[in-house]
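Chains A and B supply the protein sequences, listed in that same order.
Quick note on numbering: the first sequence equals residues 12 to 440 in my numbering.
Quick note on numbering: the second sequence equals residues 12 to 440 in my numbering.
Okay, structure first, notes after.
Number of protein chains: 2
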Amino acid sequence: MKIIKKPASETWNKLCKRATINKDSLQGTVQNILNNVAQNKDAALKKYTELFDGVALNSLEVTNKEVIEAEGLVSGELKSAIQLAKTNIEIFHNSQKEVSKKISTIKGVTCWRKSVAIEKVGLYIPGGSAPLFSTILMLGIPAKIAGCKEIVLCTPTNKEGIVNPAILYTASLVGITKIFKVGGAQAIGAMAYGTETIPQVYKILGPGNQFVTKAKELVQQQGVAIDMPAGPSEVLVIADETSNPVFVAADLLSQAEHGADSQAILVTTSNKVAQNVIVELNNQIEELSRKEIAKKAIENSFVVVLTSKDECIEFSNKYAPEHLIIASDKASEYIEGVINAGSVFLGNYSCESAGDYASGTNHTLPTNGYAKNYSGVSLDSFVKKITFQEVTKEGIENLGGAIELMAAAEGLQAHKNAITVRLKEISNV
Amino acid sequence: MKIIKKPASETWNKLCKRATINKDSLQGTVQNILNNVAQNKDAALKKYTELFDGVALNSLEVTNKEVIEAEGLVSGELKSAIQLAKTNIEIFHNSQKEVSKKISTIKGVTCWRKSVAIEKVGLYIPGGSAPLFSTILMLGIPAKIAGCKEIVLCTPTNKEGIVNPAILYTASLVGITKIFKVGGAQAIGAMAYGTETIPQVYKILGPGNQFVTKAKELVQQQGVAIDMPAGPSEVLVIADETSNPVFVAADLLSQAEHGADSQAILVTTSNKVAQNVIVELNNQIEELSRKEIAKKAIENSFVVVLTSKDECIEFSNKYAPEHLIIASDKASEYIEGVINAGSVFLGNYSCESAGDYASGTNHTLPTNGYAKNYSGVSLDSFVKKITFQEVTKEGIENLGGAIELMAAAEGLQAHKNAITVRLKEISNV
Chain A
12 MKIIKKPASE TWNKLCKRAT INKDSLQGTV QNILNNVAQN KDAALKKYTE
62 LFDGVALNSL EVTNKEVIEA EGLVSGELKS AIQLAKTNIE IFHNSQKEVS
112 KKISTIKGVT CWRKSVAIEK VGLYIPGGSA PLFSTILMLG IPAKIAGCKE
162 IVLCTPTNKE GIVNPAILYT ASLVGITKIF KVGGAQAIGA MAYGTETIPQ
212 VYKILGPGNQ FVTKAKELVQ QQGVAIDMPA GPSEVLVIAD ETSNPVFVAA
262 DLLSQAEHGA DSQAILVTTS NKVAQNVIVE LNNQIEELSR KEIAKKAIEN
312 SFVVVLTSKD ECIEFSNKYA PEHLIIASDK ASEYIEGVIN AGSVFLGNYS
362 CESAGDYASG TNHTLPTNGY AKNYSGVSLD SFVKKITFQE VTKEGIENLG
412 GAIELMAAAE GLQAHKNAIT VRLKEISNV
Chain B
12 MKIIKKPASE TWNKLCKRAT INKDSLQGTV QNILNNVAQN KDAALKKYTE
62 LFDGVALNSL EVTNKEVIEA EGLVSGELKS AIQLAKTNIE IFHNSQKEVS
112 KKISTIKGVT CWRKSVAIEK VGLYIPGGSA PLFSTILMLG IPAKIAGCKE
162 IVLCTPTNKE GIVNPAILYT ASLVGITKIF KVGGAQAIGA MAYGTETIPQ
212 VYKILGPGNQ FVTKAKELVQ QQGVAIDMPA GPSEVLVIAD ETSNPVFVAA
262 DLLSQAEHGA DSQAILVTTS NKVAQNVIVE LNNQIEELSR KEIAKKAIEN
312 SFVVVLTSKD ECIEFSNKYA PEHLIIASDK ASEYIEGVIN AGSVFLGNYS
362 CESAGDYASG TNHTLPTNGY AKNYSGVSLD SFVKKITFQE VTKEGIENLG
412 GAIELMAAAE GLQAHKNAIT VRLKEISNV
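Written as structure tokens, this is what we have:
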């Protein structure tokens, strides 16, 4: 892992720039898949599943029998772990419920917002190298709390046409009953357009490979909402003398094992911290089952040594990390300075793994610098906030004149007239 | 305005379908404009402004002198009206501030969210047939309340290179100081990429024509957030025997005057109400300055007569109107049933004009059926909600085992190891 010492501030932008992924080349392929799914529905899904995943499926929907069988294949220990995570995620996402507050802006005018669930949502869960059942908790729990009426889950099978048992167990635990054996861009098309078997949804959430990401981008342009744009996962760790190099190295590596394109950045004011972490990292990496992936990710990663705590947080804000770990006994001193980050982990025992699985926060977060302008998934992702207003006669009397003037100045006479007819009626009574 | 009596429920989908706008033909043109702006910056902006708007500008930025001059051109009455609207919009949007709540999910684990302003936002304000200074209130006020550090406003000028005085006055009142004389797709490109004069922003909000909408869609794919996808404006009015046909007609027309592609739908259980409203509408439309536009919009609009109140609200939810007016003394009885709508106006005195200008609610709302999956603009549109977590030693002891099991089951050994090294250190102390 290379160390960059006191980089001039002009070079920070370049350091913070993510590798560009050219997804344009995928556009044609993915658009074709989507068009085909829109037209040929289930038949197209089965064709692509055979072509890309090497499985010929008779039926796309996971049966109740399969779910029950899966439950028998998950160990009691793992079930308890998933239940513990579920409880914490429920507690935190329940706390995100917004209570409607009626606001009187002027006498006779009352305005409020009401959170109403998006009726139909689709969750995409990858099933490739890592069966991400934890993501079902992160998407399914807030969808349930929000009250989404229809929750559809698509996930690919293995070569035998079987969905990972932990995925089926977790989906069932959360209360998701519509599970379909389809992955890739074709799954996104299925949920966007609907097929004979798979219901159409209004919003699609969940991680995926480049094809999935491109498909989400394309259906978004057709009016289907998505959680957020996606990119490779990343962590930035700010570490000081009170950090533990063993912990920091482990945290950097837990990011690095995600994919060869992941980034793990260490920012510190201390050369010694930098050196110690690198020594630890080089030791730990050799022990990892996914060490080839982690090594590639570490090649794209770096350590920055800066001159002050303020510079560290400034660099972090410029990078806008998905995960920000502040490995310091004095982590709370950094909170005010955090402007751009997806999720922040404070102190030496707050590791990213905690938030990834079980602390209660969501792990679906903005990557690729999108923490500058996007929030992670939360209860908000599953609701619309509808505004309501009630204007009485008195309200119209208080507002009417101002509205008439403004509408006239904008050249919108019919807008003005909607007030005029009411004021006239009121004065005639 | 045609009346559709008791349409069979199978036909509702077709009735609720908006006219398809084929924006694909614009893609090439708009992409070219964007590429040119990315490359040639201010020079490209000046070129396009001359080409499309017929104005040769020396300087793109509105000067302080121009703002002061504009203030002199706006009547005292209109200024007071705008100030009244500003106060109400401030009250309502201030009430949307989220207070951070620290949640203990399990002993030793504390999680919370914090709203942090998006640092740089760009507001687009059309200046064409209607100078929409009201939209500056709707976008600028929440941007200021959120605490956005850089607020950029782009708006086209008239043929003399002058921005409408009410636009400059309102921007200044709200506290926006960076105002640029540029419109169309080129303005969106300028804010997305930055030029010598115009700062780059992370999120672009505001209405516009098809070119502006397409440009927003395209820069969104490059990581710039946008408020929401756009389509023609629309209202759906549910009216019963307690409604006033004069008011209902005026409300339908205030929507219709927006554009020839606007839709104004009346839903009622009463043939008599339908007939009375149509008579009124035909009278009022003749008096409008924008009657040609309104007449075209009314051609695309219709009245649906249904059999029950429940059917009315069901139809409305299927249509998912931007504006829903419930013209009834018993409007509150409908509230629970509203699932898909941008903003709801309750009762006979709550006209859309009120919310468009001065009641306090936002008028930037989801159109085109997007009320199924998008919210209107609010304070939320200008912040990211960053999650924080603090896990103590006790927290790791409570969560660690579960996380180890889950990480192992997902095949992510380094995630597991980040816990293991901590548990080991704790047990060694």
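Virtual Cβ for every residue (Gly too), placed ideally from N, Cα, C.
Since this is a predicted model, take the numbers as computed values, not measurements.
Discussion item. Count Cβ pairs between the stretch 71-85 of chain B and the stretch 261-277 of chain B that sit closer than 8 Å; are there 3 or more?
Written reply: Contact between the stretch 71-85 of chain B and the stretch 261-277 of chain B is absent, because fewer than three Cβ pairs lie under 8 Å.
Discussion item. Contact between the stretch 212-226 of chain A and the stretch 178-190 of chain A is defined here as three or more beta-carbon pairs at a separation below 8 Å; is this criterion met?
Written reply: In short, these stretches do not touch, since the Cβ pair count stays below three.
Item to complete: Take Asp238 (chain A) as the anchor and find which of A:Ser343, A:Met12 and A:Thr378 has the nearest alpha-carbon.
Response: Looking at A:Ser343, A:Met12 and A:Thr378, the one whose alpha-carbon comes closest to that of Asp238 (chain A) is A:Thr378.
Worksheet item: Which of helix, strand or coil does DSSP assign to Ser86 (chain B)?
Response: Coil at Ser86 (chain B), not helix or strand.
Worksheet item: Once you ignore the five residues that flank Asp64 (chain B) on each side, which residues in its own chain have a CB closer than 6 Å to its CB?
Response: Hits under 6 Å: Pro167.
Worksheet item: If you draw a straight line from the alpha carbon of Leu150 (chain B) to that of Ile414 (chain A), how long is it in whole angstroms?
Response: Counting only the Cα atoms, Ile414 (chain A) lies some 18 Å from Leu150 (chain B).
Worksheet item: If Val131 (chain B) sits next to Lys97 (chain B), beta carbons under 8 Å apart, how far is it from one beta carbon to the other, in whole angstroms?
Response: Checking the sequence, you will find Lys at residue 131 (chain B) rather than Val. In this structure Lys131 (chain B) does not touch Lys97 (chain B) by the C-beta definition: roughly 23 Å separates them, more than the 8 Å allowed.
Worksheet item: What are the boundary residues of the alpha helix (DSSP H) that Val48 (chain B) is part of?
Response: Asp35 to Asp64 is the extent of the alpha helix (DSSP H) around Val48 (chain B).
Fill in: Gly200 (chain B) and Leu45 (chain B) closer than 8 Å at C-beta
Result yes, Cβ atoms of Gly200 (chain B) and Leu45 (chain B) sit closer than 8 Å.
Worksheet item: Are any of the Cβ atoms in chain B nearer than 8 Å to that of Ser183 (chain A)?
Response: Taking Cβ atoms only, chain B never reaches closer than 8 Å to Ser183 (chain A), which makes this a no.
Item to complete: Could you round the C-beta distance between Val246 (chain A) and Glu363 (chain A) to whole angstroms and report it? I think they count as a contact, below 8 Å.
Response: Going by Cβ atoms, the distance from Val246 (chain A) to Glu363 (chain A) rounds to 6 Å, so yes, they are a contact pair.
Item to complete: Could you pull out every residue in the same chain whose Cβ sits closer than 6 Å to the Cβ of Ile397 (chain A), ignoring the five residues on either side in sequence?
Response: Correct list, in chain order: Lys125 and Val127.
Worksheet entry | Beta-carbon spacing of Leu56 (chain A), Thr253 (chain A) below 8 Å | Taking C-beta atoms as the reference points, Leu56 (chain A) and Thr253 (chain A) fail to come closer than 8 Å.
Practice prompt. Within its chain, find whatever has a CB closer than 6 Å to the CB of Asn294 (chain A); leave out the 5 residues flanking it on each side and keep chain order.
Written response: Closer than 6 Å at the Cβ level, and outside the excluded window around Asn294 (chain A), lies no residue.
Practice prompt. Going by CA-CA distance only, name the one from B:Lys90, B:Tyr345, B:Ile276 and B:Glu408 that's closest to Val118 (chain B).
Written response: Per the sequence shown, the amino acid found at residue 118 (chain B) is Lys instead of Val. The candidate whose alpha carbon is nearest that of Lys118 (chain B) is B:Glu408.
Practice prompt. Could you list which residues in chain A have their beta carbon closer than 9 Å to that of Val127 (chain B), in chain order?
Written response: For Val127 (chain B), the C-beta contacts it makes with chain A under 9 Å involve Val349, Ile350, Asn351 and Ala352, in order along the chain.
Practice prompt. List the residues of chain B whose Cβ lies closer than 8 Å to the Cβ of Gly194 (chain A), in chain order.
Written response: None at all; the shortest Cβ gap to chain B is about 17 Å.
Discussion item. By the DSSP assignment, the beta strand (DSSP E) with Lys383 (chain B) in it spans what residues?
Written reply: In the DSSP annotation of this structure, Lys383 (chain B) is not part of any beta strand (DSSP E), being labelled neither H nor E.
Worksheet item: DSSP on Thr188 (chain B), reduced to helix/strand/coil?
Response: Here Thr188 (chain B) sits in coil by DSSP.
Item to complete: Could you tell me the boundaries of the alpha helix (DSSP H) in which Gly194 (chain B) lies?
Response: No alpha helix (DSSP H) contains Gly194 (chain B), which DSSP labels as neither H nor E.
Worksheet entry | Ranges of the alpha helix (DSSP H) found wholly within the stretch 68-120 of chain B, counting only runs of at least 4 | Secondary structure within the stretch 68-120 of chain B: the alpha helix (DSSP H) runs of 4 or more consecutive residues, fully enclosed, are 75-84 and 87-105 (chain order).
Worksheet entry | Backbone CA spacing between Gly217 (chain A) and Ser91 (chain A) [nearest angstrom] | In a straight line, the C-alpha of Gly217 (chain A) is about 24 Å away from that of Ser91 (chain A).
Worksheet item: Beta-carbon of Ile441 (chain A) versus every beta-carbon of chain B: anything under 8 Å?
Response: Coverage of chain A is limited to positions 12 through 440, which leaves residue 441 (chain A) absent and any answer about it impossible.
Item to complete: Using only alpha-carbon positions, find the residue among A:Leu89, A:Lys108 and A:Thr188 that is nearest to Leu134 (chain A).
Response: The shortest Cα separation from Leu134 (chain A) among A:Leu89, A:Lys108 and A:Thr188 belongs to A:Thr188.
Fill in: Per-residue DSSP class, three states only, for Ser312 (chain B)
DSSP places Ser312 (chain B) in coil when its eight states are reduced to three.
Discussion item. Would Tyr213 (chain B) pass as an interface residue toward chain A - the criterion being a Cβ-Cβ separation below 8 Å?
Written reply: Between Tyr213 (chain B) and chain A, the shortest Cβ-Cβ separation is below 8 Å.
Worksheet item: What residues match up with Gln4 (chain B) in a beta bridge as DSSP calls it?
Response: Any answer about residue 4 (chain B) is impossible in this case: the structure gives chain B only from 12 up to 440.
Discussion item. Quick check on Thr206 (chain A) - is its C-beta less than 8 Å from some C-beta in chain B?
Written reply: Chain B contact via Cβ: absent.
Worksheet item: Using 8 Å as the threshold, is the stretch 281-301 of chain A in touch with the stretch 323-330 of chain A, meaning 3 or more CB pairs across them?
Response: Taking 8 Å as the limit for Cβ pairs, the verdict is that the stretch 323-330 of chain A does not touch the stretch 281-301 of chain A.
Discussion item. Report the CB separation of Tyr360 (chain B) from Arg29 (chain A) in whole angstroms; it is logged as a contact under 8 Å.
Written reply: Going by Cβ atoms, the distance from Tyr360 (chain B) to Arg29 (chain A) rounds to 53 Å, so no, they are not a contact pair.
Worksheet entry | Cα-Cα separation, Ala271 (chain A) to Ala369 (chain A) | Each residue's alpha carbon lies about 25 Å from the other.
Worksheet item: Does any CB atom of chain B fall closer than 8 Å to the CB of Pro256 (chain A)?
Response: Taking a beta-carbon distance threshold of 8 Å, Pro256 (chain A) does not count as an interface residue toward chain B.
Worksheet item: Any idea what DSSP makes of Glu161 (chain A), helix, strand or coil?
Response: Glu161 (chain A): strand per DSSP, three-state reduction.
Worksheet item: What residues of chain B sit near Gln424 (chain A), judged by a beta carbon separation below 8 Å?
Response: Against chain B, the beta carbon of Gln424 (chain A) has neighbours under 8 Å at Glu268, Leu299, Ser300 and Arg301, listed in chain order.
Practice prompt. Pick helix, strand or coil for Ala198 (chain B), following the three-state DSSP scheme.
Written response: Helix, per DSSP.
Worksheet item: CA-CA distance, Ala316 (chain A) and Glu21 (chain A)?
Response: Reading the sequence as shown, one finds Val at residue 316 (chain A) and not Ala. Going by the C-alpha atoms only, they are around 15 Å apart.
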